[in-house]
Amino acid sequence: MKVLQVSAEIYPLLKTGGLADVAGALPAALNARGCDVRVLLPGFVTVLADMQDVRTLPELTVPWGERVLVRCAWLASLNLTAYVIDAPSMYCRNGGPYEDDQRQPYADNGRRFALLGFAAAQLALGLDDQWQPQVVHSHDWHAALAPAYMAYSRQRQATRVAAVYTVHNLAYQGVFPPELFHDLGLPGSAFSIDGLEFHGQVSFMKAGLFYADHITTVSPTYAAEIQTQAQGCGLDGLLRARAGLLTGILNGVDDSVWNPQLDPLIPFPFDADRIAGKAQCKAALQKELGLSLQSDLPLFGVVSRLTEQKGLHLVLAALPTLFSRGAQLVVLGNGEKWLEDAFREAASMHSRQLAVRIGYDEHFAHRIFSASDVTLVPSRFEPCGLTQMYGLKYGSLPLVHSVGGLADTVVESAPEHVADGLANGFVFHEFSADAFERALGRSLALYARNTDWNQVRERAMRQKLGWDQAASEYLALYQRLLAESV
Ligand code: ADP
Ligand code: GLC
């Protein structure tokens, strides 16, 4: 089956969060099941630099008149065939993929990502005479116009191409002023409540949700949560109306990247059977960061975007408790300035117990999971969450708020769950400083019970968290959609 995956990010070429990890891992998992997956990506500098055996497709004229080239190439670092939109004026800029170096969104983000959806629909229409997808699977708002363009070009298609849209985070919607609509080249009727209009604006997210043949999101619990007013970000009504076409499919972990036995980015390898390397990783990180060199102190870790979503103000509020209990904490993250400043300031006052690195550092993230005893993920909401799963794999038990994918992957280490072998971390339910601190207390109590701790950690490390299950579910979904369309 020919599947085109469309996303703005892809690990290892461009990553700002979990979307990239998923986009980088899912194609290989599907190909292993006999699919023929290709990806469509914006031509960011790192993507262009990775292209080999380049073939250029017929020139595209985009709805606002510009001419653009799409190249088909082999991506060496992904072992994958990709279509790349080669438009340097759009994608090759100083700054990040979405924001300039002053952290301001690029003024033309509407056009930059409309182009991604438009190019996807052109591939569905047969832009490449050597390969035409049967399914176009687009991810997050950046790629969300693909289903809209496909819906309006269907009469020009000999065979129907299915449009799947995955929501990785409903909070980032890609909403633009109504003037953008004139650029998009969609029929006027699309700018309505039954279309991509959202409170008078153009919403890419709504386009994906409204026009896709099927919507998925990245965990079963989040699929239910986004249908509620509390977590629906204004789109819960539409999601309830389309509930029969909405499925939660839990992300997996890419074992070729996140495996403590084979990870070249950590100083000492280890696994559930040979755990000694983990203590060595911990000692090495304590030394690297100037923390007290004590193997018996519990080391907590945070690897996160520093945003409201991630609930890290709870961690800040709990610092006195953590320090008074003798724990250590290492934080790696970047994002909102007030959080960056607050963590930096706390670190300057407690340098033997708290190490903070503001920035984005893939290698350091691996060292933190390998060294820490507990991974903190107190998110206010979390569609899936990957760091709690990386924590599980690296024997750093996750402590999480019971929402979204966190609720689907972490089981409290209550005595009954320790006994039945299900326990793998710590879970708090009420989103409050008190509930978070009580969970911290439970993690410290288990840490003090060596045998129980080792048992829970071993079980956590042995959990199957790969992409097999998710890939099977996506494949079954594609097959069903294709069967329905004949
Ligand atoms: P989200 O996508 O909401 O940020 P996820 O848990 O799904 O959350 O994925 C986050 C991904 O980004 C993980 O791979 C995590 O290790 C990585 N990550 C987050 N912040 C940093 C950082 N500052 N440095 C390195 N990796 C980071
Ligand atoms: C989003 C979500 C995160 C999820 C990731 C990958 O960034 O915030 O919870 O794990 O996408 O699906």
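The numbering of the sequence shown is the numbering used here, which starts it at 1195 and goes up by one. In this text, a Cβ means the ideal position worked out from N, Cα and C, and glycines have one as well.
Note that the segment 1550-1568 touches the segment 1582-1595; at least 3 beta-carbon pairs, one per stretch, sit closer than 8 Å.
Leaving aside the five residues that flank Gly1379 on each side, the residues in its chain whose CB is nearer than 6 Å to its CB run, in chain order, Pro1257. A check of alpha carbon separations from Ala1202 across Gly1598, Val1233, Cys1229, Ala1222 identifies Val1233 as the nearest.
At a Cβ-Cβ threshold of 7 Å, Gly1237 and Asp1280 count as neighbours. If you check the C-beta of Pro1206 against the ligand GLC, you find no heavy atom less than 6 Å away. Of all alpha-carbon atoms in Arg1348, Leu1213, Asn1288, Ala1222, the one lying nearest the alpha-carbon of Ala1665 is that of Ala1222.
Shown here for Gly1484: same chain residues with a beta carbon closer than 8 Å to its own, the five before and five after excluded, namely Ser1545, Arg1546, Ala1549 in chain order. In its chain, beyond the 5 residues on either side, Ala1356, Ala1357, Leu1675 have a beta carbon closer than 6 Å to the beta carbon of Asp1407.
Across the set Leu1317, Val1447, Ser1607, the C-alpha of Leu1317 shows the shortest separation from the C-alpha of Arg1350. Buried is the label assigned to Trp1452, since at least 16 other Cβ atoms lie within 10 Å of its Cβ. Cβ contact annotation for Arg1434 (same chain, cutoff 6 Å, sequence separation greater than five): Gln1421, in chain order. In the structure shown, Gly1495 adopts extended strand secondary structure according to DSSP, grouped into three states.
In this structure, the alpha-carbon of Val1612 lies about 7 Å from that of Asp1646. Counting only residues whose CB is nearer than 7 Å to a non-hydrogen atom of the ligand GLC, the list in chain order is Gly1211, Gly1212, Leu1213, Asp1215, Val1216, His1362, Asn1363, Val1412, Asn1445, Gln1503, Glu1576, Pro1577, Cys1578, Gly1579, Leu1580, Gly1598, Gly1599.
Shown here, Trp1452 sits in coil according to DSSP, grouped into three states, outside any helix or strand. Ranked by Cα distance from Glu1556, the options Gly1211, Val1197, His1333 are led by Gly1211.
Here Pro1341 has Ala1357, Tyr1359, Gly1402, Tyr1405, Ala1406 as same chain residues with Cβ atoms under 6 Å from its own Cβ, once five neighbours each way along the sequence are excluded. Annotated three-state conformation of Asp1535 is helix, per DSSP. Taking C-alpha positions only, Thr1581 is separated from Glu1534 by approximately 19 Å. Between the alpha carbons of Leu1224 and Val1216 lies a distance of about 12 Å.
With 16 or more other Cβ atoms from the protein chains shown falling within 10 Å of its own Cβ, Met1655 counts as buried.
A Cβ-Cβ distance of about 4 Å is found for the pair Met1399 and Gln1367, placing them in contact under the 8 Å criterion.
The distance from the Cβ of Val1621 to that of Glu1606 is about 4 Å, consistent with a contact at the 8 Å cut-off.
Judged by DSSP secondary structure, Ala1642 falls within the alpha helix (DSSP H) whose first and last residues are 1627-1642.
Cβ-Cβ separation between Gly1505 and Arg1574: approximately 5 Å, consistent with a contact (criterion under 8 Å). Across the structure, Val1369 and His1595 are spaced so that their CA atoms are roughly 29 Å apart.
Note on the segment 1534-1597: whole beta strand (DSSP E) runs with a minimum of 3 residues are 1548-1552, 1568-1571, 1591-1595, in chain order. The DSSP assignment places complete beta strand (DSSP E) segments of no fewer than 3 residues inside the segment 1212-1255 at 1230-1236, 1245-1250, in order along the chain. Within the segment 1405-1445, the complete alpha helix (DSSP H) segments of 4 residues or longer fall at 1414-1419, 1430-1435, listed in chain order. The shortest CA-to-CA distance from Ile1469 to any of Leu1510, Val1524, Asn1648, Leu1523 is the one to Asn1648. With a cutoff of 6 Å, Ser1679 does not count as near the ligand ADP, since its C-beta is closer than that to no heavy atom of the ligand.
When DSSP states are grouped into helix, strand and coil, Gln1522 belongs to the strand group. Apart from sequence neighbours up to five positions away, the residues of its chain that approach Ala1541 with a beta-carbon distance below 6 Å are Leu1548, Val1550, ordered along the chain.
Between Leu1269 and the set Lys1476, Tyr1205, Ala1437, the nearest pair of CA atoms involves Tyr1205. Distance check between Ala1417 and each of Ala1601, Lys1481, Glu1652 places Ala1601 closest, using alpha-carbon atoms only. A direct Cα-to-Cα measurement between Glu1530 and Ser1383 gives close to 38 Å.
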